[in-house]
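Chemist:
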Amino acid sequence: MDEIRLNDVIMTRKQHPCGANEWTVIRVGADIKMKCSGCGRIVMMDRSVFVKRRKKTLRQGPLPCTDK
970 MDEIRLNDVI
980 MTRKQHPCGA
990 NEWTVIRVGA
1000 DIKMKCSGCG
1010 RIVMMDRSVF
1020 VKRRKKTLRQ
1030 GPLPCTDK
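Residue numbers for the sequence shown follow the numbering used here, beginning at 970 and rising by one.
#1: Can you check whether the CB of Arg-982 is closer than 8 angstroms to the CB of Val-997?
#2: Go through its chain and collect everything with a Cβ distance to Lys-1004's Cβ below 6 angstroms, but skip five positions before and after it.
#3: Please report the straight-line C-alpha distance between Cys-1008 and Gly-988, rounded to a whole angstrom.
#4: If Met-980 sits next to Lys-1021, beta carbons under 8 angstroms apart, how far is it from one beta carbon to the other, in whole angstroms?
#5: Taking the C-alpha atoms as reference points, what is the distance between Met-970 and Ser-1006?
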């Protein structure tokens, strides 16, 4: 699948209890932190779990800046 970027908006396979299934990625690393678009709940999970739960990427975030 495609890479995981900061500010990606993704759809999960199952709905969150608030009814939303769109999440925004707010931290990328060994763990992925994401924020629910419906209620604002923040969840952190392992990258492997994130890849299994992600259904598709709705909007991909900007490319990271590599200027030094």
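Positions of the beta carbon are idealized from the N, C-alpha and C atoms, including for glycine.
Modeler: Walking through what the data contain:
#1: No.
#2: Cβ within range, chain order: Thr-993, Ile-995 and Ile-1011.
#3: Approximately 9 angstroms between the Cα atoms of the pair.
#4: The C-beta distance from Met-980 to Lys-1021 rounds to 14 angstroms, too long to fall under 8 angstroms, and the pair is not in contact.
#5: For Met-970, the pLDDT reaches just 49, beneath the cut-off of 50, and the residue's location in the model is therefore unreliable, although a value from the coordinates is still provided. If you take the alpha carbons of Met-970 and Ser-1006, they lie about 23 angstroms apart.
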